[in-house]
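Residue numbers (the numbering used here): 6 to 264.
Right, one structure below, let's go through it.
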């Protein structure tokens, strides 16, 4: 699994080459406190596409530092694609990653051809208690309480206890400072007045039982973006790609034209 130097930082990404013609490239952008591990095999190895699952700076196996704004993460994704040498690519982002994808779509760099926004909204409303507990002044006890709140909200009712436990373990492995920076950056994200300017082909995916980003917010996002498609994954929560990986992968494959 490769490492790449992007603007002086060593970043990790998982790569799958499923399209020898190199026509279908897909970049995966994870959410707050996430990494490439949060993407199931059904998406990381999507048939008919070359998939690049990036660990954002200071996340997963990547070096570098956590960013203060999502615009800065959008810069990183843009330069990542340029360093890879991809002339055309679609980008799929989840939650915070979905906000990053919106920012990229508004810029419309020449390489960007389609966007998929999963479990996200034009404005990210972060629960105040989560920010309070993630604040370094709250210490380790506060961090554990924040994880409790996050894990209560990101899974749908059908998620197994094992899935919930695994999710908590992955979050506990994240630096508290990085997780706090991510949620703080999300709290300042608001593209409500801008998303109507997105003209790229767009797919919005939401879970019917998402308690982090209400399905109504995802629906509203799809209505504001001209000609955007909306797919609701029934029975899934905020982590729809983990809870219902086959359904999400099928929707993405259809949208990209690799089904």
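Yeah, the Cβ is synthetic: ideal placement off N, Cα and C, and Gly gets one too.
Since the structure is predicted, the reported quantities are computational estimates derived from the model, not experimental observations.
For residue i, name the three-state secondary structure that DSSP assigns.
| i | result |
| --- | --- |
| residue 199 | coil |
| residue 110 | helix |
| residue 61 | coil |
| residue 81 | helix |
| residue 95 | strand |
| residue 122 | strand |
| residue 236 | strand |
| residue 179 | coil |
Note down the Cα distance separating residue i from residue j, rounded to an integer number of angstroms.
| i | j | result |
| --- | --- | --- |
| residue 197 | residue 128 | 6 angstroms |
| residue 90 | residue 150 | 43 angstroms |
| residue 1 | residue 102 | There is simply no residue 1 to check, as the chain begins at 6 and stops at 264 in what is shown. |
| residue 13 | residue 215 | 37 angstroms |
| residue 141 | residue 27 | 45 angstroms |
| residue 175 | residue 38 | 9 angstroms |
| residue 235 | residue 224 | 7 angstroms |
| residue 46 | residue 18 | 14 angstroms |
| residue 82 | residue 201 | 22 angstroms |
Go to residue i, then tell me how far its beta strand (DSSP E) extends in each direction, as first and last residue.
| i | result |
| --- | --- |
| residue 21 | 14-22 |
| residue 212 | 207-212 |
| residue 51 | Counting along the chain, residue 51 falls outside any beta strand (DSSP E), and DSSP gives it neither H nor E. |
| residue 11 | 8-11 |
Across which residues does DSSP place residue i in a beta bridge pair?
| i | result |
| --- | --- |
| residue 249 | Looking at the DSSP assignment, residue 249 forms no beta bridge with any residue, so it has no partner. |
| residue 261 | Looking at the DSSP assignment, residue 261 forms no beta bridge with any residue, so it has no partner. |
| residue 86 | None; residue 86 has no bridge partner. |
| residue 75 | Answer is none; residue 75 lacks a bridge partner. |
| residue 117 | 94 |
Which two residues bound the contiguous alpha helix (DSSP H) that contains residue i?
| i | result |
| --- | --- |
| residue 37 | Per DSSP, residue 37 belongs to no alpha helix (DSSP H) and is neither H nor E. |
| residue 129 | Counting along the chain, residue 129 falls outside any alpha helix (DSSP H), and DSSP gives it neither H nor E. |
| residue 229 | 220-229 |
> Which ranges does the alpha helix (DSSP H) cover as unbroken runs of at least 4 residues, wholly within the region 138-171, from first to last along the chain?
Replying inline: 144-159
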